[in-house]
Ligand code: SF4
Ligand code: SF4
């Protein structure tokens, strides 16, 4: 039979000798290989204590942005949802009431905003489509979970901390601290 690659190896079927039967040389050889690795440079890191630098084009977990006065930037225009090739974004718009000018920057805002991270392919098109600089993809991974419902991120999960009331958390989320 013709081989597809040149990596074919004939199986050695000759009877085992005494040293083959006690396995000791094979065990010692295996331990020597393991021992030699103790002095080699580790290719792995101790995540999460240690982290590798992100690529400049890395796209991670989404963040809903606020302006410098802490108001939500999103105006629920739906452009991000239309641009999303995975149909991962859903939202419900609401009208801003008198007295809510300090909460929402525009007259319309997203009363509900959800991203299904199981559908998301982290392409960044939502960020590019947004005319209000209201959504961006941060340098954070989506945390692992065993439950599917934990991957539906609502506004509470996505909104960046308020720079007025939580300046330290805001700076950390922006990567400024
Ligand atoms: S990153 Fe891409 S797939 Fe994910 S929500 Fe945005 S547009 Fe959709
Ligand atoms: S995040 Fe941007 S594009 Fe999406 S609904 Fe809000 S303002 Fe519109």
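In the working numbering, the protein residues as written are 84 to 260. Think of the CB as a built atom: it goes at the ideal place given N, C-alpha and C, for glycine as much as any other residue.
Selection from the options that minimises the alpha carbon distance to residue i
i: residue 179; options: 150, 158, 144 and 207; result: 158
i: residue 32; options: 224, 231, 233 and 214; result: In this structure the chain extends from 84 to 260, so residue 32 is not present and cannot be described.
i: residue 171; options: 107, 203 and 153; result: 203
i: residue 181; options: 191, 242 and 175; result: 191
i: residue 240; options: 247, 248, 254 and 225; result: 225
i: residue 198; options: 89, 189, 187 and 219; result: 219
i: residue 142; options: 206, 110 and 105; result: 206
Cβ-Cβ separation, residue j to residue i (assumed contact under 8 Å), whole Å
i: residue 209; j: residue 160; result: Between residue 160 and residue 209 the Cβ distance is about 12 Å, and since that is not below 8 Å, they are no contact.
i: residue 137; j: residue 222; result: 5 Å
i: residue 164; j: residue 176; result: 11 Å between Cβ atoms; not a contact.
i: residue 153; j: residue 245; result: 4 Å
i: residue 146; j: residue 243; result: 5 Å
Distance cut-off 7 Å: residue i Cβ against heavy atoms of ligand 1
i: residue 214; result: no
i: residue 45; result: Residue coverage of the chain in this structure runs from 84 to 260, which leaves residue 45 outside it and unanswerable.
i: residue 166; result: yes
i: residue 242; result: no
i: residue 198; result: yes
i: residue 186; result: no
i: residue 111; result: no
Identity of the residues DSSP links to residue i by a beta bridge
i: residue 145; result: 220
i: residue 155; result: 149 and 187
i: residue 233; result: Answer by DSSP bridge pairing: none, since residue 233 is not bridged.
Proximity test, residue i beta-carbon vs ligand 2 heavy atom, cut-off 7 Å
i: residue 193; result: yes
i: residue 182; result: no
i: residue 171; result: no
i: residue 237; result: no
i: residue 161; result: yes
i: residue 157; result: yes
i: residue 121; result: no
Extent of the continuous alpha helix (DSSP H) run through residue i
i: residue 114; result: 107-120
i: residue 252; result: 250-257
i: residue 166; result: 162-166
i: residue 212; result: 208-212
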